[in-house]
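Some notes on the structure that comes next.
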Amino acid sequence: MLRFIALILCFAVPAAHAAAVPARELVVIHKTQIVAGIAPKSDEHFQTSLGHALAEAMGRPVRFLGLPRKRLASALEAGEGDIVCGYLPEWLPGAFDWSRGFIPVGDVVVSAPGVAPPHAIEDLRGKRVGTVLGFRYPDFDTVLGKDFVRDDGLSESRSLQKMLAGRFDHVITTRITVNNQIRSGALPRNVHVLVTKDFLTMCAVSRHGHVTTADVNAAIDAIERNGTVDKLQRSR
45 MLRFIALILC FAVPAAHAAA VPARELVVIH KTQIVAGIAP KSDEHFQTSL GHALAEAMGR
105 PVRFLGLPRK RLASALEAGE GDIVCGYLPE WLPGAFDWSR GFIPVGDVVV SAPGVAPPHA
165 IEDLRGKRVG TVLGFRYPDF DTVLGKDFVR DDGLSESRSL QKMLAGRFDH VITTRITVNN
225 QIRSGALPRN VHVLVTKDFL TMCAVSRHGH VTTADVNAAI DAIERNGTVD KLQRSR
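Numbered by this note's numbering, the letters in the sequence shown go through residues 45 to 280 in order.
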């Protein structure tokens with residue numbers, strides 16, 4: 045009988061010890077404001093809140109790793125972090141995997157007040173357009189080719205400032221950025237906005253991290269079911 049009890053204890057102690065080991069943290073890589081320019085506070089809040097929500101759905105603590113945009117892909121490839129969210133494969137090429145799409149984004153061209161607005165991407169042929177340094181714009185590259193005249197700034201907000209200062213007449217940005225800029229008073233309400241594409245961005249998942257694509261997709265399912273994604277989107 046004593047031998048039987050001892051045998052039970054031998055198995056119970058390691059099991060209890062294993063249960064006490066805390067869950068490995070989810071490391072969320074994000075673009076630093078210092079390099080990207082002054083990002084809208086709502087976007088910073090969205091990325092942070094999304095990281096917390098995904099980590100909670102996975103039952104993990106979370107840590108954020110801020111890096112320059114040009115370091116995002118290499119850090120993810122090296123396993124320095126687990127995920128980068130809010131991108132598409134054509135925006136962030138690299139040797140990593142992708143979750144399903146779930147973050148609604150609208151690409152737009154915003155034009156200065158009093159300027160003849162474009163009705164399609166083709167109308168921007170040969171015209172200087174405000175863009176962000178290091179960002180890729182596949183649709184514009186495809187349609188305009190060598191006639192895509194970029195004027196790179198450090199951030200979308202900086203490009204919008206240059207547009208209002210008369211440096212150029214059009215800026216490629218997102219609907220959320222325009223709404224935030226109008227709400228804050230940085231953009232006048234009579235700017236023209238051409239929607240060029242609506243799509244769902246994803247999370248890039250490191251192949252050398254501590255979560256799988258299946259883990260991330262399951263967490264996305266959970267935060268969609270409980271309404272967190274809609275709530276975060278409304279707060280942007």
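C-beta atoms are modelled at their ideal positions from N, C-alpha and C, and glycine is treated no differently. Every value quoted in this text rests on a predicted model; they were computed, and no experiment measured them.
Q: Would you identify the three-state DSSP class for Q277, choosing helix, strand or coil?
A: helix
Q: State the DSSP-derived secondary structure class of H74, mapped to helix, strand or coil.
A: strand
Q: Name the residue from N270, V255, A258 and M246 whose alpha carbon lies nearest to the alpha carbon of V149.
A: Comparing C-alpha distances from V149 to each of N270, V255, A258 and M246 shows the shortest one belongs to M246.
Q: Would you grab the beta carbon distance between L219 and I226 for me? Rounded to a whole angstrom, and I think it's under 8 Å.
A: It should be pointed out that residue 219 corresponds to Arg in this sequence rather than to Leu. Their Cβ separation, rounded to whole angstroms, is 11 Å, which puts R219 and I226 out of contact at 8 Å.
Q: Taking only the alpha-carbon atoms, compute the straight-line gap between A164 and T240 and give it to the nearest angstrom.
A: 7 Å
Q) Considering only the beta carbon of each residue, do G174 and D191 sit closer than 8 Å? A) no
Q. What beta strand (DSSP E) runs, 3 residues minimum, are completely inside the region 162-237?
A. 172-176, 193-197 and 214-218
Q. Which of the three DSSP states, helix, strand or coil, is assigned to S93?
A. helix
Q) So what does DSSP say about T240, is it helix, strand or coil? A) strand
Q.
Per DSSP, what are the beta-bridge partners of L111 in this structure?
A. K75
Q) Does DSSP put A117 in a helix, a strand or coil? A) helix
Q) Are the beta-carbon atoms belonging to V71 and L111 less than 8 Å from one another? A) no
Q) Just how far apart, CA to CA, sit S201 and T221? A) 8 Å
Q: Would you mind working out which of L94, P161, D141 and A117 sits nearest D213, comparing C-alpha positions?
A: P161
Q) Taking Cβ positions, are A248 and I127 nearer each other than 8 Å? A) yes
Q: Please go through the same chain and pick out, in chain order, the residues whose beta-carbon is closer than 7 Å to the beta-carbon of I264, but skip the five residues on each side of it.
A: Within the same chain, I264 has close Cβ partners S143, R144 and F146.
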